[in-house]
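Note that the sequence shown ends on residue 970 in the numbering used here; no numbers are left out.
For each residue, glycine too, the CB sits at the ideal point set by N, CA and C.
All of these numbers come straight from a predicted model, not from anything done at the bench.
Scroll down for the structure; my scribbles are underneath it.
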Amino acid sequence: MKKGKWNLKKNDKNLVRGKFMLKGNIGFVAPLDETVEDVFIPQEGINEAMNGDIVDVYVSRRNGRTYGTVEKISERRHSEVTGLIDLRRREYVLVTKQATYPIKLQIDKKRFRDEIISPGFYATAEILEFPTAYAAGVGRLVNIIGKAGDPAVEIEAAKASWGIGAEFPKDVIKEAKHIPDRITPDDLNDRLDLRNLKIFTIDPTDARDFDDALSIRTVNQKGAVVYEIGVHISDVSHYVKAGSILDREAYKRGTSVYLPGKVIPMLPEKLSNGVCSLVEGADRLAISVLIELDRNFVPVRHKFARTVILSRRRFTYEEADEILSSGSGDFAEELGLFKKIAEKRFAERLARGAVDLELPEDKPILDLEGRVIDMHQIERTWSHRLVEEMMLLANELTARAMKERGIFRVHEDPAPEKIVEFRRLSSFLGGPSKGSVQTIIEFFRGKPYQRLIEFSALRSMQEARYSANNLGHYGLALSAYTHFTSPIRRYPDLIVHRILMGERVGSLNEVARHSSMKEREAMEAEREALQIRYLEYAAKKLGETAKGFVDYIAKDGLYIQLESGPRGFLPSNELGTEKFFYDKRSAALVGARSGRTIRIGMELETIISSVDISSRRLYLSPVEKSVNKIQGIMKRRNKNEFRKIHHRRRRR
């Protein structure tokens, strides 16, 4: 089942309730009814809605498009907002990304007598009156974060804007303190003791919360060799009871948030880095899935059990890769077997139509004072794939075990028009015009346009989310999938554990909707924080050259995806003395005199000209020889197309 389109006639109107999401000056509403697609809300239809509000929307159709208008605010999401202080008509106001209208600030001058209150400073305010189309809102100033432009301040403001708080309430900390630091004899009742197994973990160097571990052993069964894999996941549900203060806080947060140099955990450190973390050399409670494979590595049976385990070794990815490469060292036999199984499962996954992207992942390297000193690109190696494939297997088996009632990780099919657009881009770049998304990705792998194609493939697909209904997973080509393997940092995994162990759970629809929303907010905060760190690093490289490709063409310029780092913007007025116009039909910038045409995918050598951290923009200028090269090549290639474009312009 996938989301249906709005099938409206010209004058039809439908009322739908959903969650409002503000993106710049426009919005979208994700209906609470999962069977219909998101509704686009133009600026004039937003009215008084703020980001995250539950709203009632009238959906109508005009000029061949579906639009929504917010008619009623059913539930307000925010009691506080964060934004930039501005001075308008001699009054301080807060301009925030959470609303389209400003908020007048009430300031307690005694409380803030030693603080700088000035335009260009980030602040947080408690909402007293919500803004409307006719009047600004009113808010009480509660905190001044700092001056815009400072990377640390920008990240704190981004966290606050997305509702991400680091401090746990006192009652949460108090409840966590009552949890023992070690497991007790009573904890072992009705548990399978697996402490004799050779269990290990593989994680990043700076990891602190270890929620998954692996084991594998060879078993001689009736004269035949079989393998038993163990995927052991921290039993967070043993400590975080349904309805407890800890549980309510975990639900509220929904997920851990990973910012450069800092983790904002879903659970207090006493649990996330302590008794729930599968650290080396300590007995820990787990929920294990034990999977029997035949000699060809085909799963034949499996079982889930509450267990007690002991991790014998904590590997970093680099250490595991070194052993896989050399074939010697601790757990060399086990790691080698896991790699063979992972290779087979990866090949099978691609064969059934799954999508595999190799998008680069960058990690900022910070000094002791929290400033960026370098950017490190994380390489996806076989130690990463090994862990990934075992987690995918455990999650798939868990989804099957839940059958009908559960929290599923769903990824619906892309919209047909998005696939058509993706194939058209592939054809333009010299690739296939037919075939699956993965077929096209494989064609470009190792070629100059690989990153462009993979970014385009990602944008053509829908976002994965949580649902109480099993809608399948397009990207993994699975009929059922869930999240089971990270209960320390994802609330849905904790609910799945309770379901597996036969515990009663509440409204799964509400858990799924809330978890999807919190995941989206966390991802936005993580992206924004990473962009801030990118820009902080780029500010040290002003005047240096940077290669990239045209990723998107706007009316006023080019968005360039750099080889290393973020997107940059190259204004069209930087492209030379002649004027460029945007030709909508060919989606290109065209020189008014020469017909020089700049298209998506074209490689450019640019100069980093300026950085604006507050607006999250990196500005580029062309290297002159790069422009000359473009001018010569594109003039010859597009002479005929230039005539066609200008012929269309004259006809208009």
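CA-CA distance, glutamate 651 to leucine 532, rounds to 13 Å.
Around the Cβ of leucine 888, a 10 Å sphere holds 16 or more other Cβ atoms; the residue is buried. DSSP places glycine 654 inside the alpha helix (DSSP H), whose first and last residues are 650-669. Assigned with DSSP and collapsed to three states, glutamine 416 falls in coil, not helix or strand.
The alpha-carbon separation between glycine 820 and glutamate 398 amounts to approximately 39 Å. Membership of aspartate 869 in any alpha helix (DSSP H) is not indicated; the residue belongs instead to the beta strand (DSSP E) covering 863-872. Secondary structure within the region 507-531: the beta strand (DSSP E) runs of 3 or more consecutive residues, fully enclosed, are 517-521 (chain order).
Under the three-state reduction of DSSP, glycine 790 is assigned to coil, being neither helix nor strand. Judged by DSSP secondary structure, histidine 694 falls within the beta strand (DSSP E) whose first and last residues are 690-696. Collapsing the DSSP output to three states places serine 939 in a strand. Put simply, the backbone Cα of arginine 851 is about 7 Å away from that of proline 682. Valine 549 sits buried, since 16 or more C-beta atoms from the chains shown fall within 10 Å of its C-beta. The region 506-520 makes contact with the region 628-635: 3 or more CB pairs, one atom from each, lie closer than 8 Å. Taking threonine 625 as reference, the option from Arg619, Leu423, Asp508 with the minimal CA-CA separation is Asp508. For the pair lysine 477 and arginine 703, the Cα-to-Cα distance works out to about 31 Å. Under the 8 Å Cβ criterion, the region 437-444 counts as touching the region 387-407, having at least three qualifying pairs.
Selection Lys559, Phe486, Lys858, Leu880 evaluated against alanine 864 yields Leu880 as nearest (Cα-Cα). In the DSSP annotation of this structure, histidine 620 is not part of any alpha helix (DSSP H); the continuous beta strand (DSSP E) holding it starts and ends at 617-634. According to DSSP, residue pairing for alanine 441 in a beta bridge involves Gly401, Ile462. Arg718 is the residue among Glu447, Arg763, Arg718 whose C-alpha sits nearest the C-alpha of histidine 791. If you draw a straight line from the Cα of proline 420 to the Cα of valine 411, it is about 6 Å long. Under the rule that a run must span 3 or more residues, the beta strand (DSSP E) segments found entirely inside the region 689-770 read 690-696, 726-728.
Distances from the alpha-carbon of alanine 856 to those of Arg566, Glu610, Phe346, Ser882 put Ser882 closest.
Closest by C-alpha distance to phenylalanine 773, out of Gln756, Ala786, Leu642, Asp930, is Gln756. Linking leucine 603 to threonine 502 through their CA atoms gives a straight-line distance of about 10 Å. Around the CB of histidine 694, fewer than 16 other CB atoms lie within 10 Å, so the residue is classed as exposed.
In the structure shown, the three-state DSSP call for phenylalanine 899 is strand.
At a Cβ-Cβ threshold of 9 Å, tyrosine 799 and valine 728 count as neighbours. Segment contact: the region 812-819 against the region 420-437, fewer than three CB-CB distances shorter than 8 Å; contact not assigned. Proximity to arginine 394 across Arg613, Phe726, Pro449, Gly541 peaks at Pro449, based on C-alpha coordinates.
DSSP, read as helix, strand or coil, puts glutamine 539 in strand.
Annotation for phenylalanine 899: Val908, Ala910 place their beta carbon closer than 7 Å to its own, counting only its chain and skipping 5 residues before and after. The beta carbon of arginine 513 sits closer than 7 Å to the beta carbons of Asp601, Val626, Ile627, Leu628 from its chain, once the five residues preceding and following it are set aside; these are given in chain order. Proximity of the region 634-650 to the region 671-685 falls short of the contact definition, fewer than three beta-carbon pairs being nearer than 8 Å. For tyrosine 877, no alpha helix (DSSP H) segment is defined; the enclosing uninterrupted segment is the beta strand (DSSP E) at 875-880.
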